[in-house]
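Chemist: Protein chains in written order, with our numbering: chain R, 36 to 449; chain E, 48 to 452. The structure's right below; bear with me while I get my questions together.
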């Protein structure tokens, strides 16, 4: 907060970054989210608050501010502050792109991420209807809403029976997305997209079939037709949203359910200890097809996700592009609905779900945590792991490290 | 076992000695499909090999998808069809079983696909041999099913199948079946018609209302959930379209005859039935054997005729009842087993058709020719003798397994 004092050579209006959640030694820093539709701006009677079209930053014009404090009340996050001495509102303006706080933090906790590209997508037309019937905190909904914005309307969406089905498939004449949609069987998503793409190839027109598919369809029952389409070099994008089980039917085990996890078909009891075998490493299996593009992505790293979607769209011209998304399911994982993104971040920071990409089989990391977070520090946030002993967690920890080491070796060989 | 075919580089009308598989491939070639899915299975393999050769020789301008299994074969052509293309694939028995979910989807979504199914025994008892158990196991799946007798009929019926499948009044997938090992591998003298004949025959499909297609950018869903009355309405319309197929096949064959000079008499062919007291009823390749048996018995003064069923789904119950009217007894030759009903499929379905028409004609069933056991002239002469006995009111077994019994 001291760093804020000297921010941007501006008038010293006090710190605009807060330390929050100071309970039991756990706390974090918070500041203005630079909302895409700022409430503070809406409530300001003197038009003193503006949102920049160029950098997305919300700023207060000190000349126009009347000190009414409507914005302080209006901000739902408590990030609009008030300087009593000068009687004007103040807030984080990112020091115009070079925040002093970032360098000042002695623990390297703060980093400045430019969200302009992602923010642009947020303002694009939402291709998924509002009020759709996903559970609170659903990672899939966030993923599909965002992916559609990045990929655009001129795609044909392929999916099947899954959590996405009631929303994406629609009923009768009604669908809840604004793209063309093809409802497949669980066994034939990639093969359906193949046939569709081939007809367009025959008539010499470009088309972007996008399969948006759960892990059950992808790693279990639909594995064969996906592998076949990849080998044939079909010009399609295949996105697997991995929520580690059959969540639509009530949280049954799939091949990506982690070892030890409770599901309704790997129950915990006097003899049952959850799933007894490790998850299938699906993205790596896909990379081994040497297809133009394979990548992992998740919701805590949206810019990484967006960049990979765009790469996939380009790579699709040369063959199959595969994205594997870590997509928490709060309901099935027994995770608090407001913890989805945090769980994603933890998975990335612990190397449980590393972020990487492979172009034609050449693997490289797109993000690496400075220091891997231990699984034990967060894994029980998802109460599907709540029965795990320290030894059980250690098994998962060792699996995670082994897989990460393998990936590192593969990446260094490429 | 398969006969090597020389690819002459042209498909002008010419007489050739061809296998049923080659005939199927030439039929598909003449139909100019946009997308073809290829997956091998005995006894169908030669069909996809030949199509691949046609493509490699520049004769077939289609996207060829060498899929990794039959489920993907069916799935990919459904989507290619929904995108707007004309599609073709071929399978048999175990392959048909492996594509079952997609097979049902093709019917429910009213996809105008054409598929050749080369009849083979189904899994359960391992066998690489002929029977019609495969096509009968999907008789309630909602496809149009036609079974053919000769290699010429294979080729001609593949072309006719497109006229049914893509007709705006029908819009249903069509399966053209022929007996594996018999028609698939045996060669017959036949004609490959000129491409311009096929083009002329299929041209009327272009004059129809444009098919609904799934296009990028359009908020249209394909294969969406159907609830309650919606679902029932889809089924109702599907059944109605199947019923329309019976007359449509006759119309299509009439046009076919005008162009090609051949006719297969629509859903059912009668052979020497006019004054017959008793008849044999057959499907597929053994019909040829039955013609010979009937001719031989006619020489002995026995008034026997032959009814060949070509259209199995929809079952032409009105025509069957009509052609069997006044017959004293009927011998049905079945090449499949209808589990749970003593007897074969053709026997049981013919019985149902006769009940509707109020006729009580004596039916005698012969389960024969399964597992590639030959249906011989001797077998059928014996059947005719027994049916003659039944016609005189003498006791004859309802169902006989030939040659087991």
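We put the CB at the ideal spot given by N, CA and C, even for glycine.
Quick one: what's got a C-beta closer than 7 Å to residue 396 of chain E's C-beta in the same chain, skipping five residues either side?
Modeler: The residue given as residue 396 of chain E occupies position 349 in the second chain. So the list reads 362, once near-sequence residues are dropped.
Chemist: Helix, strand or coil, according to DSSP, for residue 281 of chain R in the structure here?
Modeler: Taking the first residue of the first chain as 1, we reach residue 281 of chain R at position 246. Annotated three-state conformation of residue 281 of chain R is strand, per DSSP.
Chemist: Taking contact to mean 3 or more Cβ pairs, one atom from each stretch, closer than 8 Å, check whether the segment 291-300 of chain E and the segment 199-215 of chain E are in contact.
Modeler: yes
Chemist: Taking the C-alpha atoms as reference points, what is the distance between residue 51 of chain E and residue 228 of chain E?
Modeler: Working through the second chain from its first residue, we reach residue 51 of chain E at position 4. Working through the second chain from its first residue, we reach residue 228 of chain E at position 181. Low confidence applies here, because residue 51 of chain E scores a pLDDT of 40, under 50, leaving its location unreliable and the question unanswered by this model.
Chemist: Out of E:379, E:218, E:175 and E:199, state which residue places its alpha-carbon closest to the alpha-carbon of residue 292 of chain E.
Modeler: Here residue 292 of chain E refers to the residue found at position 245 when the second chain is read from its first residue. Put simply, of E:379, E:218, E:175 and E:199 the residue whose alpha carbon is nearest the alpha carbon of residue 292 of chain E is E:218.
Chemist: Give the list of continuous alpha helix (DSSP H) stretches no shorter than 4 residues that lie fully inside the segment 361-445 of chain R.
Modeler: For the segment 361-445 of chain R, whole alpha helix (DSSP H) runs of length 4 or above, ordered along the chain, are 365-368 and 375-384.
Chemist: Any idea what DSSP makes of residue 287 of chain R, helix, strand or coil?
Modeler: Translated into positions along the first chain, residue 287 of chain R becomes position 252. Looking at residue 287 of chain R - three-state DSSP - the assignment turns out to be strand.
Chemist: Can you give me the C-alpha to C-alpha distance between residue 93 of chain R and residue 69 of chain R, rounded to a whole angstrom?
Modeler: On the first chain, residue 93 of chain R is found 58 positions in, with the first residue counted as 1. On the first chain, residue 69 of chain R is found 34 positions in, with the first residue counted as 1. Each residue's alpha carbon lies about 6 Å from the other.
Chemist: Identify whether residue 202 of chain R lies in helix, strand or coil by the three-state DSSP scheme.
Modeler: For this step, residue 202 of chain R is matched to residue 167 along the first chain. If DSSP states are grouped into helix, strand and coil, residue 202 of chain R belongs with the helices.
Chemist: Go through its chain and collect everything with a Cβ distance to residue 256 of chain E's Cβ below 8 Å, but skip five positions before and after it.
Modeler: Position 209 of the second chain, counting from 1, holds the residue named residue 256 of chain E. Excluding residues within five positions, the ones whose Cβ falls inside 8 Å are 215.
Chemist: Have a look at R:91, R:84, R:90 and R:426 and flag the residue whose alpha-carbon is nearest the alpha-carbon of residue 103 of chain R.
Modeler: For the purposes of this step, residue 103 of chain R is taken as residue 68 along the first chain, with counting starting at 1. Of the listed residues, the one whose Cα sits closest to residue 103 of chain R is R:84.
Chemist: Kindly confirm or deny that the segment 77-85 of chain E and the segment 120-130 of chain E touch, where touching means at least three C-beta pairs closer than 8 Å.
Modeler: As far as the Cβ criterion goes, the segment 77-85 of chain E touches the segment 120-130 of chain E, which means the pair count is three or higher.
Chemist: Just to make sure I have the definition right: I need the residues of chain R whose C-beta is within less than 9 Å of the C-beta of residue 162 of chain E. Which are they?
Modeler: Here residue 162 of chain E refers to the residue found at position 115 when the second chain is read from its first residue. Those do not exist, as residue 162 of chain E stays about 14 Å from chain R at its closest Cβ, beyond 9 Å.
Chemist: Enumerate in chain order the residues of its own chain whose CB-to-CB distance from residue 314 of chain E is below 8 Å, with the five nearest sequence positions on each side excluded.
Modeler: In the second chain, counting from the first residue as 1, residue 314 of chain E sits at position 267. Around residue 314 of chain E: 293, 296, 297, 356, 357, 358, 363 and 366.
Chemist: The alpha helix (DSSP H) that contains residue 246 of chain R, what's its start and end?
Modeler: Sequence index remark: in the first chain, residue 246 of chain R carries index 211 (1-based). Under the DSSP assignment, residue 246 of chain R falls outside any alpha helix (DSSP H), being part of the beta strand (DSSP E) whose first and last residues are 243-249.
Chemist: Give me whichever residues DSSP pairs with residue 113 of chain E in a beta bridge.
Modeler: Here residue 113 of chain E refers to the residue found at position 66 when the second chain is read from its first residue. According to DSSP, which records beta bridges pairwise, residue 113 of chain E is partnered with E:85.
Chemist: Does the beta carbon of residue 269 of chain E come closer than 8 Å to any beta carbon on chain R?
Modeler: Sequence index remark: in the second chain, residue 269 of chain E carries index 222 (1-based). So, interface residue.
Chemist: If I follow the unbroken beta strand (DSSP E) through residue 372 of chain E, where does it start and stop?
Modeler: Numbered from its first residue, the second chain carries residue 372 of chain E at position 325. Here residue 372 of chain E belongs to no beta strand (DSSP E), and DSSP marks it neither H nor E.
Chemist: Ignore the nearest five residues each way along the sequence and tell me which others in residue 433 of chain R's own chain have a CB closer than 8 Å to its CB.
Modeler: For the purposes of this step, residue 433 of chain R is identified with residue 398 of the first chain, where counting begins at 1. Closer than 8 Å at the Cβ level, and outside the excluded window around residue 433 of chain R, lies no residue.
Chemist: With 16 other CB atoms within 10 Å as the buried threshold, where does residue 309 of chain R fall?
Modeler: Residue numbering aside, residue 309 of chain R sits at position 274 when the first chain is read from its first letter. A residue is called buried when at least 16 other Cβ atoms come within 10 angstroms of its Cβ; residue 309 of chain R meets this threshold and is buried.
Chemist: Is it right to say residue 239 of chain R is buried, meaning 16 or more other beta carbons lie within 10 angstroms of its own, or is it exposed?
Modeler: As a first step, residue 239 of chain R is located in the first chain; it is residue number 204 there, counting from the start. Per the 10 Å Cβ criterion, exposed.
Chemist: Apart from the five residues just before and just after residue 56 of chain E, which ones in its own chain have a Cβ nearer than 8 Å to its Cβ?
Modeler: Counting from one through the second chain, the residue named residue 56 of chain E turns up at place 9. At residue 56 of chain E, the pLDDT of 46 sits below 50, so the modelled position is not reliable and the matter cannot be decided from this model.
Chemist: Does the segment 330-342 of chain R come within contact of the segment 255-264 of chain R, defined as at least 3 CB pairs closer than 8 Å?
Modeler: No, the segment 330-342 of chain R is not in contact with the segment 255-264 of chain R.
Chemist: Would you tell me roughly how many angstroms separate the C-alpha atoms of residue 420 of chain E and residue 177 of chain E, rounded to the nearest one?
Modeler: Here residue 420 of chain E refers to the residue found at position 373 when the second chain is read from its first residue. Here residue 177 of chain E refers to the residue found at position 130 when the second chain is read from its first residue. Cα to Cα, residue 420 of chain E sits roughly 8 Å from residue 177 of chain E.
Chemist: Would you check whether the ligand FMN has a heavy atom nearer than 7 Å to the C-beta of residue 361 of chain R?
Modeler: In the structure on display, the ligand FMN does not appear, and there are no ligands present to speak of.
Chemist: For residue 446 of chain R, go through chain E and note every residue whose CB falls closer than 8 Å to its CB, in chain order.
Modeler: Counting from 1 along the first chain, the entry for residue 446 of chain R is found at position 411. Near residue 446 of chain R there are no residues of chain E at all, since even the closest Cβ is about 29 Å away, more than 8 Å.
Chemist: In this structure, does DSSP put residue 62 of chain E in helix, strand or coil?
Modeler: Translated into positions along the second chain, residue 62 of chain E becomes position 15. The answer is strand: DSSP assigns residue 62 of chain E an E or B state.
Chemist: Go through its chain and collect everything with a Cβ distance to residue 213 of chain R's Cβ below 6 Å, but skip five positions before and after it.
Modeler: Position 178 of the first chain, counted from the start, is the residue given in the question as residue 213 of chain R. Correct list, in chain order: 162.
Chemist: Closer than 9 Å, Cβ to Cβ, to anything on chain R: give me those residues from the segment 109-136 of chain E, in chain order.
Modeler: Within the segment 109-136 of chain E, the residues whose Cβ lies closer than 9 Å to some Cβ of chain R are 109, 110, 111, 112, 113, 114, 115, 116, 118, 119, 120, 121, 122, 123, 124, 125, 126, 127, 128, 129, 130, 131, 132 and 134, listed in chain order.
Chemist: Apart from the five residues just before and just after residue 211 of chain R, which ones in its own chain have a Cβ nearer than 6 Å to its Cβ?
Modeler: Working through the first chain from its first residue, we reach residue 211 of chain R at position 176. Closer than 6 Å at the Cβ level, and outside the excluded window around residue 211 of chain R, lie 164, 167, 202 and 205.
Chemist: Residue 96 of chain E and residue 239 of chain E - do their beta-carbons sit closer together than 8 Å?
Modeler: As a position in the second chain, residue 239 of chain E is number 192, starting the count at 1. As a position in the second chain, residue 96 of chain E is number 49, starting the count at 1. No, the pair does not count as a contact, with Cβ atoms beyond the cut-off.
Chemist: Go ahead and label residue 226 of chain R buried or exposed: buried means 16 or more other beta carbons lie within 10 angstroms of its beta carbon, across all protein chains shown.
Modeler: Residue numbering aside, residue 226 of chain R sits at position 191 when the first chain is read from its first letter. Buried: at least 16 other Cβ atoms inside 10 Å.
Chemist: Please list the terminal residues of the continuous beta strand (DSSP E) segment that includes residue 188 of chain E.
Modeler: Against the second chain, residue 188 of chain E aligns to sequence position 141. Per DSSP, residue 188 of chain E belongs to no beta strand (DSSP E) and is neither H nor E.
Chemist: Locate the alpha helix (DSSP H) running through residue 394 of chain E, then write down its first and last residues.
Modeler: Here the question's residue 394 of chain E lines up with position 347 in the second chain. Note, residue 394 of chain E: alpha helix (DSSP H), 392-403.
Chemist: Could you give the first and the last residue of the continuous beta strand (DSSP E) run that contains residue 27 of chain E?
Modeler: No information on residue 27 of chain E is available, as it lies outside the stretch 48 to 452 that chain E covers here.
Chemist: Along the chain, where does the alpha helix (DSSP H) that runs through residue 234 of chain R open and close?
Modeler: Residue numbering aside, residue 234 of chain R sits at position 199 when the first chain is read from its first letter. Start and end: 224-237.
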